[in-house]
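Residue numbers (my numbering), protein chains in the order written: chain Y, 2 to 47; chain F, -6 to 370.
The C-beta atom is built at its ideal place from N, Cα and C for all residues, glycine as well.
All values reported here derive from a predicted model rather than from experimental measurement.
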Amino acid sequence: MSADFYKALEISGIGIAGVFVFMTLFYFVIIGIDKLFPYKNEEEEK
Amino acid sequence: MDFQQLLPAIAGMSWKNMVMIAIGLTLIFLAIRKQYEPTLLLPIGFGTILVNIPFSAVLTQGEVLGPLNVFFDAGIITEVFPLLIFVAIGAMIDFSPLFQRPILLLFGAAAQFGIFMTMVLATLMGFDIKQAASIGIIGAADGPTSIIVATQMARDLLGPISVAAYSYMALVPIIQPPVIRALTSEKERKIRMKFDANKRASRTALIIFPIAVTVLAGLIAPSSLALIGFLMFGNLIRECGVLNSLSQTAQKELANLVTILLGITIASTMTGEKFVQLSTLMILGLGIVAFVFDTAGGVLFAKLINRFMSKDKKINPMIGACGISAFPMSARVIHGMGLKEDKHNYLLMPAISANVGGQIGSVIVGGLILLLVPLFA
């Protein structure tokens, strides 16, 4: 196995964990924004 | 005066040039007859013909600058073209489906698995780490991200990577269904998902979302800011409600103009000498692997989280496959598959939510690759 193979494995591990961390953060951002600024029916009337 | 001086283009034509002209014609055929990503494959196909005629004036010859080389230096190397495309894509995306069931955003992470799997496989096939990362990013199913990563890390491979990225995006209806069927049971494919279509996001929430995502992504991984920032800028133009004219221009005129230039400029890298190589075939093969493992990653992740979900909240595992960025192609494919299994099972809304998550996920992975690979290379 080449050195690049082991580097790729390491990057993959960090990368997959990283993208899950980001998406989880964005998940909480959505929950938070939706709680703070919920949709109101008046918006539709406007 | 001999034949070479009289007709230098014919005299200088190599078999590699002829192969490339045939490839160009094939791309044009696929774009017109099969409608596979015609906005990109047609300019790439025509550009391929242009650059494979020996002594073509579209390429720099001696001291005379060729227009395609000028476009390449100004638009691809500087990343201006793909970033402008991101503004256009951002203006087209509606993030409101994510507010209906935000958990589906996580599929935008799971379905990026193929990128990393392919990167590892590419190193086993002899590519160095930068080339392997650029090949893996084909699995982002996101043309501009592939172009940006390949431009920074493996400029020589830009042609085949771009062609693979755009071609396989068009082939999602052929690539995804067999993988999904192999990994799911009929019972799983018939799972119905409750989706409250009446739940909506407020305008304020939709305005704050692109700003919050940009700031958060920038603080954690500044290298992702060009990608995510331009995408979210386009989205902010769309959602702010006071720039409707700009939003329409970004979605139509800007997208069309830059797409024309992007396609034909990428073709400048598709000369016979650079493209007709064993590595091109390997890249095209690895591109399919990336899409297959993306699909598998999303589906298996859905099956995993179903183990922790109550019976009425279970997720149809096919939705996991929508976590790739090919929007709305993937969502439509899964919706169609759901209807085939059960004609009253409407999966379109959750499929779109996961698909929008995939658009964010692919850009984030692009940023992470740009951040991580130089640290290890």
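task: Using the Cα positions of Lys183(F) and Val292(F), report the straight-line distance between them to the nearest angstrom.
output: As a first step, residue 183(F) must be located in the second sequence, where it is residue number 190. As a first step, residue 292(F) must be located in the second sequence, where it is residue number 299. Between Lys183(F) and Val292(F), the C-alpha separation is close to 14 angstroms.
message: DSSP three-state label for Ala319(F), please.
response: Counting from 1 along the second sequence, the entry for residue 319(F) is found at position 326. Secondary structure of Ala319(F) (DSSP, three-state): coil.
message: For a contact defined as C-beta to C-beta under 8 angstroms, what are the partners of Ser139(F) on chain Y?
response: Here residue 139(F) is taken as the residue at index 146 of the second sequence, counted from 1. Chain Y residues near Ser139(F): none, gap ~16 angstroms exceeds 8 angstroms.
query: Nearest chain Y C-beta to Ile357(F) closer than 9 angstroms, yes or no?
result: Position 364 of the second sequence holds residue 357(F). Interface residue, yes.
Closest Cα partner of Ala15(F) within the set Ile42(F), Leu151(F), Ile276(F) and Ser303(F): The residue labelled residue 15(F) in the question sits at position 22 within the second sequence. Checked all of Ile42(F), Leu151(F), Ile276(F) and Ser303(F); the closest Cα to Ala15(F) is Ile42(F).
Members of the segment 274 to 307 of chain F that neighbour chain Y once the beta carbon cut-off is set at 7 angstroms: Within the segment 274 to 307 of chain F, no residue qualifies.
- prompt: What do you reckon, are the CB atoms on Glu30(F) and Met162(F) nearer than 9 angstroms?
  reply: Position 37 of the second sequence, counting from 1, holds the residue named residue 30(F). Position 169 of the second sequence, counting from 1, holds the residue named residue 162(F). Taking 9 angstroms as the Cβ cut-off, Glu30(F) and Met162(F) qualify as a contacting pair.
message: Quick check: Gly354(F) and Ala102(F), are their CB atoms within less than 9 angstroms of each other?
response: If you number the second sequence from 1, residue 354(F) lands on position 361. If you number the second sequence from 1, residue 102(F) lands on position 109. Going by C-beta atoms, Gly354(F) is nearer than 9 angstroms to Ala102(F).
query: chain Y partners of Arg193(F), CB-CB under 8 angstroms?
result: On the second sequence, residue 193(F) is found 200 positions in, with the first residue counted as 1. Within 8 angstroms Cβ-Cβ: Tyr40.
- request: Reducing DSSP to helix, strand and coil, say where Val208(F) ends up.
  value: Looking up residue 208(F) in the second sequence gives position 215. It is helical.
Segment limits, alpha helix (DSSP H) that includes Arg231(F): Here residue 231(F) is taken as the residue at index 238 of the second sequence, counted from 1. Run containing Arg231(F): Leu218 to Glu232, per the alpha helix (DSSP H) assignment.
message: Determine, for Leu91(F), whether the minimum Cβ-Cβ distance to residues of chain Y falls below 9 angstroms.
response: Within the second sequence, the letter at position 98 stands for residue 91(F). Closer than 9 angstroms: yes.
- prompt: For the alpha helix (DSSP H) that Glu11(Y) lies in, which residues bound it at each end?
  reply: Walking along the first sequence from the start, residue 11(Y) turns up at place 10. Element bounds for Glu11(Y): Ala4 to Leu37.
message: If we require 4 or more residues per run, which alpha helix (DSSP H) segments fall completely within the segment 108 to 196 of chain F?
response: 122 to 129, 136 to 146, 151 to 163, 165 to 176 and 179 to 182
query: With distances taken from CA atoms, which of Phe74(F), Leu(-1)(F) and Leu224(F) is nearest Leu254(F)?
result: Counted from its first residue, the second sequence places residue 254(F) at position 261. Of the listed residues, the one whose Cα sits closest to Leu254(F) is Phe74(F).
field: N-terminal and C-terminal residue of the alpha helix (DSSP H) that Val356(F) is part of
entry: For the purposes of this step, residue 356(F) is taken as the residue at position 363 of the second sequence. Taken as a continuous stretch (DSSP letters only), the alpha helix (DSSP H) holding Val356(F) covers Leu341 to Phe369.
message: Once DSSP output is grouped into helix, strand and coil, what is the label at Val63(F)?
response: In the second sequence, the residue the question calls residue 63(F) occupies position 70. Helix, per DSSP.
task: Within the segment 28 to 81 of chain F, note down every full beta strand (DSSP E) run reaching 3 residues or more, in order along the chain.
output: none
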